[in-house]
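Chemist: If you scroll down you'll find the structure; I have some questions about it.
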Amino acid sequence: MSSANGRPEGEGADADGAGGAEGGPPEQLALIRETVRRAKAPKAKPRTWRGAPLAKDLPVARVLVDKGVLHLDRYFDYAVPEDLDEAARPGVRVRVRFGAGGRTVRGGRREGGGLIDGFLVERVAASDYAGPLAALAQVVSPEPVLGPELLGLARAVADRYAGSLADVLQLAVPPRHARAESRDSPPPPPAPAAPDPGSWRRYGRGADFLASLAAGGAPRAVWTALPGPGWAEEIARAVQATLASGRGALVVVPAGRPTARVDAALRTLLGDDRHAVLTADAGPERRYREWLSVRRGAVRAVVGTRAAMFAPVRDLGLVVVWDDGDAGHSDDNAPFPHVREVLELRASRDRCGFLLGGWTCTVEAAQLVETGWAQPLTASREEVRAAAPLVRTVGDGDLARDEAARAARLPTLAWQVVRDGLRRGPVLVQVPRRGYVPRMACARCRAPARCRHCAGPLEAQDARALRCAWCGRDEGSWHCQECGGFRLRAQVVGARRTAEELGRAFPAVPVRTSGREQVLDTVSAGPALVVSTPGAEPVAEGGYAAALLLDGWAMLGRPDLRAGEDGLRRWIGAAALVRPQGEGGTVVVVAEPTLRPVQALVRWDPVGHAVRELAERAELGFPPVSRMASVSGTPEALAGFLASAELPPDAEVLGPVPVPAAEAARGRRPGGPPAAEAAERVLVRVPPGSGAALAAALKSAQAARTARGGSEPVRIRIDPPDIG
DNA sequence: AGCACGCCGACT
DNA sequence: GTCGGCGTGCTC
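FYI, the numbering for the first sequence is 2 to 725, going by the numbering used here.
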């Protein structure tokens, strides 16, 4: 039943009155459409072309088109043809024609505009849109993958990070796999019994926390886990308590190995079929199958890595993030959401429990406690002392006085601790990762080699050339300011060679290595030297007898706001694998004992460290006390962006400064244009409370910018992970 | 981002 | 009188 003049077929009368002009000259049409829109026309009934009959009930579908661009970050209305009525439910994936190609009214035919993917967000009775609606082209699958909770969360995350909803959904909803979808999911097993608190009794109010979860409460805690392997089981018990209340639980850990630990603990406690494991490396079919079993409610508990933070767990009762300082919790796709922040949003929006745990404490976690948003969950000093190893330091002063150290390249104390430890079990040696730019030190007195102009650290370019990492000046004729020495050594090489020499010094002892290329999961309880880079330390059966931490300079020497916190986190990550002091566990850290992170390690006081850092950052106006965003691009693009952005009145613009080379390289997309043009960066800072206003301002400025098109890109990142 | 529309100059 | 440059604005 196509109309005689080929115009779009109206379903019923033309309620907006514009339909009669539809065949007129385009400019007249545009004019009429304009006036109609301004006059707030009554809602248009959907019309399709070619006379396809429409769904009788709620014939308009609001669709989010799957394009990340910010100025398309809104819904578009489409008509629902009758034959798609049944399948076109809210939340399903659809395909629609989208693009300027379809605008021609000549002859009433609307063709063109490519088919693109989208999500059907909502079915409504009428559209606000004055023009004729295109019809849904296809319902890709009847599976409603985007429920209202997930949509609301994704929306909140997009706003928080000045990104588009489509970008967030790309992270949140895994790609469809038809085979995985066709299997149906079994009904969920009944809720388990509430668990015994087990080792949660070690933490002051730990048992109360579990009891609250089991009773359907929504407690929020920052939990400082005692060193040792107990944490995974403790998380599993919190999950069990939540399941016992009839609700679901979600655990996000930074990598594959901790996923396996929590997975194993959940299997032990709950059996094999009560939880799903969501990791990126599972392969598309398996990934989508597991995700669907969660979405369908067949599985109520989830453990996984960062993409799992969006898992659509039914009736969520608890979210858990383990080791929130790990860089793996920061997504590296736009808009770069962080697991801790997303789970905070979920806890607030869904009124569910929140558990942030780790052996250490980030500044952000300390802030959650300080603001009263979460309660601290810590063990007493006595418990800590009973569980932690003895920590001893070797500073530059000790090294300089230590004749044997200079001869053997290893401090006497470290030597003794290793030798003693190897009699009782495995000994862990933590060395810096390869790829750290080698920092140089005086070969005689070990004073760090510093730039004579700005006191920045000198880096080795190649064989002999030195350059300052801060000001970029070349140093041709270095000599030590402390002792007048002329010989340099690369500390990173020093640490690795030290590890090798240790191996030679104990020829009867096997040497195992764990690092980026090959990560060992566990080592046995027998004597062995285990050389590992930070984060790759294997767990030793029964704990390590001792650990030697040789990468202090690399940890603390970085010109980064997080250097101290990060260094402490990595040391504690190794030291927590060592036996308690009472069982002879000893750690030697080669670093200045006067440094704050070193003292925090010795006293095993990560919370105190974080609290002090937080106070300092508040004083200096640094994040997380203030909110920061980095904006970068070519100088012209950046200037244009800042001129057009209507930043909140309390925003402070710092810079612009040239973008550090490393950062420019990170921000570059593979296949994108080479970052040859000089890039600049500003940091925009707002006081607490103005974070949302800042994100909104940046988002609308970016939307206006990309809508105009043609201009050079500007990169926005809220909460940049490392600020120089 | 694409892609069409529209208003300008060079051509058959 | 017609073709085609790219500047501008929209995509249901």
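Every residue gets a Cβ at the ideal spot worked out from N, C-alpha and C, and that includes glycine.
(1) Using three-state DSSP, classify L65 as helix, strand or coil.
(2) Use the C-beta contact count for V658: other C-beta atoms within 10 angstroms, 16 or more gives buried, fewer gives exposed.
(3) Determine the closest residue to E342 out of A601, V253, A167, with distance taken between C-alpha atoms.
(4) Which residue or residues does DSSP assign as beta-bridge partners of L549?
(5) Which residues does DSSP list as the beta-bridge partners of Q376?
(6) A237 and L279: beta carbons closer than 8 Å?
(7) How would you write the range of the beta strand (DSSP E) that A160 sits in, first residue to last?
(8) May I have the straight-line CA-CA distance separating Q519 from S631, to the nearest angstrom?
(9) Should C484 go down as buried or exposed, given a rule of 16 or more other Cβ atoms within 10 Å for buried?
(10) According to DSSP, simplified to helix, strand and coil, what is L602?
(11) Would the beta-carbon of G164 fall within 8 Å of that of A335?
(12) Per DSSP, which residues does E83 bridge with? Please list them.
(13) Do you know whose CA, among V61, G690, V340, P598, lies nearest G553's CA?
(14) How far does the alpha helix (DSSP H) with F642 in it reach, from first residue to last?
(15) Return helix, strand or coil for R347, following the three-state DSSP convention.
(16) Please give me, in chain order, every unbroken run of the beta strand (DSSP E) with length at least 3 that falls completely inside the stretch 254-315.
(17) Looking at the secondary structure, which residues open and close the beta strand (DSSP E) in which S142 lies?
(18) Using the C-alpha atoms, what's the distance from A261 back to Y204?
(19) Go to G358, then tell me how far its beta strand (DSSP E) extends in each direction, as first and last residue.
(20) Run the CB neighbour count on F99, radius 10 Å, all protein chains shown included, and call it buried at 16 or more, exposed below.
(21) Distance check for D606 and T707, CA to CA, integer angstroms please.
(22) Closest to P60 by C-alpha separation, out of V70, G69, D67, A80, would be which residue?
(23) Going by alpha carbons, who is nearest to A167 out of G69, L85, G231?
(24) Write down the C-beta distance between A576 and L602 rounded to the nearest angstrom, noting that I regard them as a contact closer than 8 Å.
(25) Leaving out the 5 sequence neighbours to the left and right, which residues in its chain are closer than 6 Å to G726 when beta-carbon positions are compared?
(26) State the Cα-Cα distance for the pair V612 and E235, rounded to the nearest angstrom.
(27) Run through the DSSP bridge pairs and tell me what I719 is partnered with.
(28) Quick one: residues in its chain with C-beta nearer than 6 Å to the C-beta of V512, no 5 flanking neighbours on either side, listed in chain order?
(29) Do you know how far the Cα of D74 is from the Cα of R682?
(30) Would the beta-carbon of A277 fall within 8 Å of that of S294?
(31) So the candidates are G609, V240, L172, S533; which of them puts its Cα closest to the Cα of L569?
(32) Do you know how far the Cα of R618 is from the Cα of V730?
(33) May I ask you to report which of helix, strand or coil DSSP gives E23?
(34) Does DSSP classify T514 as helix, strand or coil?
(35) Looking at C-alpha atoms only, which residue of A302, A348, R307, T361 is the closest neighbour of G326?
(36) Cβ atoms of V95 and L147: under 8 Å apart, would you say?
Modeler: Judging by the given coordinates:
(1) strand
(2) Around the beta carbon of V658, a 10 Å sphere encloses fewer than 16 other beta carbons of the protein chains shown; the residue is thus reported as exposed.
(3) V253
(4) V430, V589
(5) A222
(6) No, the pair does not count as a contact, with Cβ atoms beyond the cut-off.
(7) In the sequence on display, residue 160 carries Asp and not Ala. Run containing D160: none in the beta strand (DSSP E); it sits in the alpha helix (DSSP H), 149-161.
(8) 35 Å
(9) Result: exposed.
(10) The answer is helix: DSSP assigns L602 an H, G or I state.
(11) yes
(12) Its beta-bridge partners do not exist; DSSP assigns none.
(13) P598
(14) For F642, the uninterrupted alpha helix (DSSP H) run begins and ends at 636-645, by DSSP.
(15) The DSSP-derived three-state label of R347 is helix.
(16) Fully enclosed beta strand (DSSP E) runs of 3 or longer: 276-279, 302-305.
(17) 137-142
(18) For Y204 and A261, the distance between alpha carbons rounds to 24 Å.
(19) 354-359
(20) buried
(21) 48 Å
(22) A80
(23) G69
(24) 7 Å
(25) Since the first residue of the chain shown is 2 and the last is 725, residue 726 is not available in this structure.
(26) So the two alpha carbons sit approximately 25 Å from each other.
(27) A630
(28) G504, L530
(29) 25 Å
(30) yes
(31) G609
(32) Nothing can be reported for residue 730: it is not among the residues displayed for the chain, which extend from 2 to 725.
(33) Low confidence applies to E23: its pLDDT is 30, below 50, so where it sits in the model is not reliable, and the reading given next is rough at best. Coil.
(34) strand
(35) If we check each option's Cα against that of G326, T361 comes out closest.
(36) no
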